[in-house]
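Undergrad: Residue numbers (the working numbering): 29 to 477.
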């Protein structure tokens, strides 16, 4: 099958009015990735090289969402909504190029798995001409039934048109299908619109193909594979399914999650075996966590990397560009942005480190702030290996703190500090005897006490 050419036609022109918003339905996201991107990624994993996306409004935005996951993707505009077969024929130009296999999928079925699509193509490789993806519904009411006879699929019967006997069938139409490229256009062009809605239904090609003596079969896929998104409630349900799938995959790959149902993952989250993820951790896009790392409870990470045996949190935030080295630590209520922590560096609590490089085994005390923004631009802070930054210190960038330097607590540091130096950047303390008592009396009188 790997030598067979394939075109995936992705239907993505629906208005999605039930989503109740301006964003096209296929651009809503699951795990930080548009629905249609999930679908296209699955087609590529199943061996597709060329993708034809049938779009309606916001064509440029849909094209941009697909581009990172399809090296050879074209978009075709469907100007009228006359049914699913009509939508597929919007990509006539691509289909006519003569592929071995034509996959027809929907841009709002983000849970479809590559293996299910590969199963469709395997049936074509084995001699079928049309293959329909079926599923066993827990409650088939409302679904089209797959009518099979002697191992062949002879019809798809809509629920309202089915006999009582046919309604007893629990194998239902999932909508996705594969068609032999040499028959695709002929079958699609034969679809008529003699029905109550006057639309051209893709499902009609099953009976057309059967009437021509072509081989039509059905495959079976898990129910979740065909779940379409029509409203935001279904979007949330699909998100939950995706999250559960991905958590299970990570757990089976050796990642420990003490409360997996509370961990939110993104489509590209990478976590190595022997990492430990505590409850209520949120992974935004672009996060990589290495083996042995510990992400403690209530932490939020995005566009960040965490090296071996590092510790993050609890209640920590890693923003884009955070790179945490081996055995480094970012403690509770700390925020790191666009900064590198070398091996063994520590930011234990209540600190902000942005646009910085923190050397190996440096220690930043509570309340340390890199003052990186002057209202117009960002500036860099360099902290040398082994430096000790006392609590409640402000480092006004651009600035360099040398290796093994010591910064006294409560300092505002505006000039570079050499290696091994001790820096004070605070006003000299002055005590006024008796002034405390006088102030209390003054304030009490003012308050009428």
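For every residue, glycine included, the Cβ atom is placed at its ideal position computed from N, Cα and C.
State the DSSP-derived secondary structure class of residue 359, mapped to helix, strand or coil.
TA: Three-state result, residue 359: strand.
Undergrad: Can you pull the DSSP bridge partners for residue 471?
TA: DSSP, once it has assigned bridges, lists no residue as partnering residue 471.
Undergrad: Once you ignore the five residues that flank residue 164 on each side, which residues in its own chain have a CB closer than 8 Å to its CB?
TA: Around residue 164: 198, 199, 200, 248, 251.
Undergrad: Give every residue of the same chain whose Cβ lies closer than 7 Å to the Cβ of residue 301, excluding the five residues on either side of it in the sequence, and list them in chain order.
TA: So the list reads 281, 282, 283, 319, once near-sequence residues are dropped.
Undergrad: Tell me the rounded alpha-carbon separation between residue 60 and residue 447.
TA: If I take the Cα positions, the gap works out to 44 Å.
Undergrad: Could you check where the beta strand (DSSP E) with residue 102 kicks off and where it finishes?
TA: From DSSP, the beta strand (DSSP E) with residue 102 extends over 100–105.
Undergrad: Could you check the C-alpha separation between residue 290 and residue 307 for me, to the nearest Å?
TA: Each residue's alpha carbon lies about 6 Å from the other.
Undergrad: Check each candidate in 243, 229, 295, 226 and name the one with the smallest Cα separation from residue 211.
TA: With distances taken between Cα atoms, residue 211 lies closest to 243.
Undergrad: Any contact between the segment 336–344 and the segment 353–369? By contact I mean 3 or more CB pairs, one from each, below 8 Å.
TA: Yes, they touch.
Undergrad: If you check the beta carbons only, do residue 315 and residue 297 fall under 8 Å apart?
TA: Against a cut-off of 8 Å, the Cβ pair of residue 297 and residue 315 comes out as a contact.
Undergrad: Would you tell me roughly how many angstroms separate the C-alpha atoms of residue 52 and residue 444, rounded to the nearest one?
TA: Their Cα atoms are separated by approximately 52 Å.
Undergrad: Count the other CB atoms, across all protein chains shown, that sit within 10 Å of the CB of residue 463; report buried if there are 16 or more and exposed otherwise.
TA: Exposed, because fewer than 16 other Cβ atoms sit within 10 Å of the Cβ of residue 463.
Undergrad: Have a look at the DSSP bridge pairing and note the partners of residue 299.
TA: DSSP output for residue 299 lists 317 as bridge partner(s).
Undergrad: To the nearest angstrom, how far is it from the Cα of residue 32 to the Cα of residue 123?
TA: Taking the straight line joining both Cα atoms gives about 15 Å.
Undergrad: Just list the alpha helix (DSSP H) runs in the segment 202–290, keeping only unbroken ones of 4 residues or longer that don't cross its boundaries, in chain order.
TA: As far as the segment 202–290 is concerned, its whole alpha helix (DSSP H) runs of at least 4 residues are 209–217, 233–239, 260–280.
Undergrad: Pull up the distance between the alpha-carbon of residue 29 and that of residue 150, whole angstroms please.
TA: Only weak support exists for where residue 29 lies, its pLDDT of 48 falling under 50; the coordinates are left without a value.
Undergrad: How should residue 178 be labelled, buried or exposed, when 16 other C-beta atoms within 10 angstroms of its C-beta is the threshold for buried?
TA: So residue 178 counts as exposed.
Undergrad: Does the distance from the CB of residue 105 to the CB of residue 118 come in under 8 Å?
TA: A contact, by the Cβ cut-off of 8 Å.
Undergrad: Tell me which same chain residues have a C-beta within less than 6 Å of the C-beta of residue 267, skipping the five on either side of it?
TA: Around residue 267: 58.
Undergrad: Per DSSP, what are the beta-bridge partners of residue 406 in this structure?
TA: For residue 406, which the question treats as bridged, DSSP gives the partners 401.
Undergrad: What do you get for residue 41, buried or exposed, if any count of 16 or more other CB atoms within 10 angstroms of its CB means buried?
TA: Classification for residue 41: buried.
Undergrad: With burial defined as no fewer than 16 other Cβ atoms inside 10 Å of the residue's Cβ, what is the status of residue 96: buried or exposed?
TA: Burial call: exposed.
Undergrad: Use the C-beta contact count for residue 157: other C-beta atoms within 10 angstroms, 16 or more gives buried, fewer gives exposed.
TA: Burial call: buried.
Undergrad: With distances taken between CB atoms, is the gap from residue 181 to residue 160 smaller than 8 Å?
TA: Cβ distance < 8 Å, so residue 181 and residue 160 count as in contact.
Undergrad: If I'm right that residue 489 touches residue 412 with Cβ under 8 Å, what's the distance once you round it to whole angstroms?
TA: Here the chain comprises residues numbered 29 to 477, so residue 489 is not present and cannot be evaluated.
Undergrad: Is the segment 138–148 touching the segment 62–78, taking contact as three or more C-beta pairs under 8 Å?
TA: Verdict: yes, contact present.
Undergrad: Would you call residue 471 buried or exposed, if buried means 16 or more other Cβ atoms sit within 10 Å of its Cβ?
TA: Residue 471 should be labelled exposed.
Undergrad: Taking 8 Å as the cut-off, decide whether the C-beta atoms of residue 311 and residue 329 are in contact.
TA: Cβ distance < 8 Å, so residue 311 and residue 329 count as in contact.
Undergrad: Can you say whether residue 460 is buried or exposed, counting buried as having 16 or more other CB atoms within 10 angstroms of its CB?
TA: Burial call: exposed.
Undergrad: Determine the direct distance from the alpha carbon of residue 423 to that of residue 457, and round the result to whole angstroms.
TA: Going from the Cα of residue 457 to the Cα of residue 423 covers about 21 Å.
Undergrad: For residue 379, name the three-state secondary structure that DSSP assigns.
TA: Looking at residue 379 - three-state DSSP - the assignment turns out to be coil, as it is neither helix nor strand.
Undergrad: Scan the segment 125–197 and note each continuous alpha helix (DSSP H) run of 4 residues or more that stays entirely inside, going in chain order.
TA: With a minimum length of 4 residues, the continuous alpha helix (DSSP H) runs that stay inside the segment 125–197 are 142–153, 192–195.
Undergrad: Tell me which residue opens and which closes the beta strand (DSSP E) that residue 39 is part of.
TA: Taken as a continuous stretch (DSSP letters only), the beta strand (DSSP E) holding residue 39 covers 34–40.
Undergrad: Compare the C-alpha of residue 295 against each of 327, 278, 355 and name the closest.
TA: Ranking 327, 278, 355 by Cα distance to residue 295 puts 278 first.
Undergrad: Take the Cβ of residue 107 as the centre, count every other Cβ of all protein chains shown within 10 Å, and call the residue buried at 16 or more, exposed below.
TA: Exposed, by the Cβ-count rule.
Undergrad: How far does the beta strand (DSSP E) with residue 81 in it reach, from first residue to last?
TA: 78–83 is the extent of the beta strand (DSSP E) around residue 81.
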